[in-house]
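Step one of this worksheet: look at the structure below.
Numbering (my numbering), first residue to last: 4 to 921.
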């Protein structure tokens, strides 16, 4: 009763104390919130200070919990005061009060509000810590100690919602402010990334969804974390979420999963290889099963999800990846039917440009995929090849610009390292007996090349140039192309028509496209150069263009490429055109243009920003038609031949005016002789130097060989001395052994003689003595021996049984100790118990070894007894034979001894079999 009364009094006092504190806290809140109070009401900072003091000094958990609840309530409006005064106390609560989830939830919510600011659930575009300097400052304070981040990762294993969800939001806020620092903290934390990956399996969708946002920020620009996430079954979990949400028909959750997957794969060759080898590519095919989409229509979210998935496919097959990685991904996508699905989508109306770019990168440089793409036809009547349908969109200026760029890129990918495809394209330009009503690729390219739209001119010229890249055969075949002009006029060659269009001027894209086509056509093709030089107006036009005064930036590009084309005509000239030989063209450059001017115009091309941008990647990244200037393959050609062109146009220096011009013929002859002599001496000096270097190398080699031989000789000497010592020792030992063997042989001879004497004496005694006495004596001896041997056998059997029991007990104890050690290692018990068990285990093994030795001794004794028994039985059988030969009758009961001896031997063998194995 007294104890109950004391408890009641204590509870009442505590309740009154809490009520007084809450009244004081309410008055403080009213003053902080601006309620009309007296002038002496505490400020927000003072209220926070008192709450922090209560958190730090209160011994009762309820008091600390109430204080944390109050700090959490104040953290929405008074972030600065809470962060400045209470942050350390709240972190201390996370460390010390880990058993109470409620106080942990209050502390985490308060810290989360300090770092992230008030949460705006009404704003769907709200991101943690966006443009928040105050949160940035407190983030730096929080992650200054990496133990704080480790503490959060330890607490995240708690399943309670009010603990786990604030941690996810807090980590997202920290990542938004200081991503690199927090990534390092998570990396050094044990199982940090693994614990975050486990959150994707949480059944509560809000935690899973916020974890996806967290992973997107966590894996960005950190290859190590990306690899860890991938090897923690990240792809399996993401694809599982995508499947559960309905693939492309899913909502924003599918988009978040795809963005995380894209971050894991982009610029990470290791993850790309893991993705391919893990057979994850085949799981992408359900995403593009869009047969019913035309009926229901596409939502904005469905279009976004599909575009991101296309970007993921492009990441796996990007030309910027290592060639073997891209080739493996392209092969896997063809085998699983993904390329077939994308080609089906490609032929649908209103297809996005990203789909065309994706198909292009799936077939780029892969002969099998390129061959399959050449067989794809559009669902029209009659069916048209997909290439023709795409080129019709490219040369049509009414189509969207990004779509036309995508078609050109896809066409370039189809022709990349595809000699068969290049031959097919050029063949459509040559005369044939095909149906004139059928639209061919050649007709579309020529129509675009000679249209009035400058962008179409550029697209067609670049597309045709890709049919000639690194293919001299098709360059020669293209020279056979004849174009019909007006009625009644003869046909004109394609190269002549291009030259005429180039000389007529036109817009910038038209001229640049024609110049790039002509440069690609003439490079490394002497026949094309000679046919180009056969047109008399070409060289004067190029010379006049290079010699023009400096204009704007774009005109300088035209002049620079004209200079490049003129240099190609010099480098690949076989001098078959008498009017434009190599020397003539070089003299023309020096006299009409000037070598410095020519080199300046040529160098201006590679310094242009548009050239640098186009040379980075094959993908066309033009945003508007005015940016259409350079092509990736032309930039490669220019870079490879620029040095060759510069070397080709350099004049061959000749000594026209010098000291030799004033010499007499005799002096010139003498000078020539001196030059020959100096040349011979220089050659001899060069030979001698080479011989000297060879001799030096041989000398060094011989020195090393001598050192090796010296070492070998020394080793052989040491081995010889060792063999001699061993031989002397073995000689002494062998002599001693010989003497011992001789002595043993003599002893054996003596023993043999004694035994023979004994046998003869015994035979005489047997013959003289009475047979019955002999029989009784033998029976008595046998019974005595039998009794002694039975006693020994029984004793040995008892010992064996005892040893077997001890060994079985020891084995059981060993098993129990091993299980205890395993349990201790798994539960991370104290090391002292494990050491004690190991010592006990060692003692038991020593006892077991000693018992095994005793068993071996018992076995030897058994074998000796068995030998004695067999000898005894043999002697008794001999005695019986002798008795029968002497005419005595031997009863059948006398054979019982043999049976008993056999039974004893069998018992010993059975006991030996029953012995435990070592």
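C-beta: ideal position from N, C-alpha, C; glycine also. Remember, it's a predicted structure, so these values are computed and weren't measured experimentally.
The C-beta distance from residue 467 to residue 448 rounds to 5 Å, short enough to fall under 8 Å. DSSP places residue 157 in the uninterrupted alpha helix (DSSP H) bounded by 149-158. Residue 117 is positioned such that its CB atom lies closer than 8 Å to that of residue 82.
Contact check for residue 429 against residue 500 fails: the beta carbons are separated by 8 Å or more. Apart from sequence neighbours up to five positions away, the residues of its chain that approach residue 388 with a beta-carbon distance below 6 Å are 380, ordered along the chain. Using a 10 angstroms sphere on the CB of residue 340, the tally of other CB atoms stays under 16, which defines it as exposed. Beyond the five residues adjoining it in sequence on each side, residue 521 comes within less than 7 Å, by CB distance, of 501 and 568 in the same chain, given in chain order. CA-to-CA, the gap between residue 103 and residue 166 works out to about 10 Å. When 562, 492, 484 and 519 are compared, the shortest CA-CA separation from residue 534 is found for 484. The shortest C-alpha to C-alpha distance from residue 150 to any of 175, 184 and 169 is the one to 184.
With contacts defined as CB atoms closer than 8 Å, residue 210 and residue 262 fail to qualify as a contacting pair. Ranked by Cα distance from residue 608, the first of 632, 403, 686 and 411 is 632. Within the model, the alpha-carbon separation for residue 717 versus residue 228 is close to 58 Å.
In the DSSP annotation of this structure, the continuous segment of the alpha helix (DSSP H) that includes residue 357 starts and ends at 356-366.
Contact annotation: residue 97 and residue 113 have beta-carbon atoms that are not nearer than 8 Å. By the C-beta density criterion, residue 213 is buried, having at least 16 other C-beta atoms within 10 angstroms.
In the DSSP annotation of this structure, the continuous segment of the alpha helix (DSSP H) that includes residue 262 starts and ends at 255-268. The distance from the Cβ of residue 625 to that of residue 408 is about 6 Å, consistent with a contact at the 8 Å cut-off. Proximity of the stretch 578-591 to the stretch 637-650 falls short of the contact definition, fewer than three beta-carbon pairs being nearer than 8 Å. Per the C-alpha coordinates, the member of 516, 269, 252 and 382 positioned closest to residue 308 is 252.
When 723, 692 and 573 are compared, the shortest CA-CA separation from residue 653 is found for 573. In this structure residue 324 is in contact with residue 275, their Cβ atoms being roughly 7 Å apart against a cut-off of 8 Å. A straight-line Cα-Cα distance of about 50 Å links residue 623 and residue 162. A direct Cα-to-Cα measurement between residue 119 and residue 86 gives close to 11 Å. CA-CA distance, residue 703 to residue 337, rounds to 59 Å. For residue 485, the pairing in a beta bridge is given by DSSP as 496. C-alpha of residue 422 to C-alpha of residue 217: approximately 48 Å in a straight line. Membership of residue 99 in the alpha helix (DSSP H) is indicated by the continuous run 90-99. In the DSSP annotation of this structure, residue 473 is not part of any alpha helix (DSSP H), being labelled neither H nor E. Here residue 351 carries a coil assignment [DSSP, helix/strand/coil]. The alpha-carbon of residue 256 is positioned some 8 Å away from that of residue 248.
With contacts defined as CB atoms closer than 8 Å, residue 90 and residue 51 fail to qualify as a contacting pair. The Cβ-Cβ distance between residue 364 and residue 320 falls below 8 Å. In the DSSP annotation of this structure, the continuous segment of the alpha helix (DSSP H) that includes residue 408 starts and ends at 404-418. Assignment of beta-bridge partners to residue 387 by DSSP yields 381. Secondary structure note for residue 560: its alpha helix (DSSP H) is the uninterrupted segment 556-574.
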